[in-house]
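Taking the working numbering, the leading residue of the sequence shown gets 782, the next gets one more, and so forth. All C-beta atoms, glycine included, are put in the ideal place defined by N, C-alpha and C.
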Amino acid sequence: MSPMRPPILEYGRRQASGRLLQQWIECPESDPSVGICPIRPSTLKFKDFRKFKQLEIETDMSPYIPLQIEHEFGGLEIIGPTGGAWEKIAIVESDAPSPEDPKHQEINTWEGQIAPGLLIVEEMKRTTGVFMSEVCQAIYQNHFPIDTLKYVYMLDVCNKDTCSFVKEELYTRSHGLSWPDGQIRDWVPGTPEFEALLGTKLGQTVAHLVLGAFRRGTHRISRIRVFDSFEALQLQFAIEEIEQIVPTNNPAQSPSARITRSTTRRQQKIESRKRKMDWDEETEVKKARRQ
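Structural data, given as structure tokens:
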């Protein structure tokens, strides 16, 4: 008998990677059906950025609602910048050489905004020594409790892996789509598209953020929204708490179970007395016949 071959995935390695990340996120560590997750809880703090002498942190900037998400911001139920809880933050490498320098291919930077429930990434490039998922978590967690995070936006996406997948593999004629797309489209768990988007570079960053911030099986990415704005790719990742099912079959915790058990005991006593009475009557009849 030949061994079973793994199913062929529509979106290949990205979908396989995203599916595994989703399993790690949604399944508790005690679930034996899921392999060991290598992503550990993040311990990076905002104050740790000060240890990197080449990094400059700018916080004295005015926050605003980016035009890219202005059309849908009202539906997020997030307090706007006028509420006073918004922060705009930039982390740049102060002594970074010019990008034209062949010895330095990238400038390390992070720029974005945070508000209660909201993390907006406007610019993000790979840095040395830390993962960008940890940077995102540390920035948000420095101002708000991490369990309040509901939405992560990636604006004006220029990451090559993510852009090429969306524009060249997902939004194609064979899928009945084209880019740029005039509609906002939501991709949800259980679809190949969701898994593949989660398996892109930016999808992995948000997945690692969730794995590093929350205990496994408690929160999940419930939606990946894709839309075009100002001729650029925009992404929104919605994060929600996973409803925990509390067992109700414990008699000590279930009043209905206690009532049922008590009723059963009373019924058993009644039936026992009834059987005893029937047996006594039958015995008396037998005695009378012998006499």
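Cβ-Cβ separation between residue 826 and residue 919: approximately 6 angstroms, consistent with a contact (criterion under 8 angstroms). Under the three-pair Cβ rule at 8 angstroms, the stretch 789-796 counts as touching the stretch 980-988. Cα atoms of residue 1004 and residue 875: separation of roughly 36 angstroms, rounded to the nearest angstrom. Of all alpha-carbon atoms in 974, 855, 988, the one lying nearest the alpha-carbon of residue 819 is that of 988. With the rule of 3 Cβ pairs closer than 8 angstroms, the stretch 801-813 does not count as touching the stretch 894-912. When 1021, 916, 994, 1013 are compared, the shortest CA-CA separation from residue 939 is found for 1013. Residue burial is scored here from C-beta neighbours: residue 842 has fewer than 16 other C-beta atoms within 10 angstroms and is therefore classed as exposed.
Judged by DSSP secondary structure, residue 982 falls within the alpha helix (DSSP H) whose first and last residues are 982-994. The stretch 927-939 and the stretch 846-859 touch, with three or more beta-carbon pairs separated by less than 8 angstroms. With a cutoff of 8 angstroms on beta-carbon distance, residue 903 and residue 847 are scored as near each other.
DSSP, reduced to helix, strand and coil, places residue 850 within a helical segment of the structure shown.
Listed in chain order, the beta strand (DSSP E) elements of length 3 or more contained wholly in the stretch 792-841 are 836-839.
Collapsing the DSSP output to three states places residue 869 in a strand. Of 951, 1011, 1008, the smallest CA-CA separation from residue 791 is found for 951.
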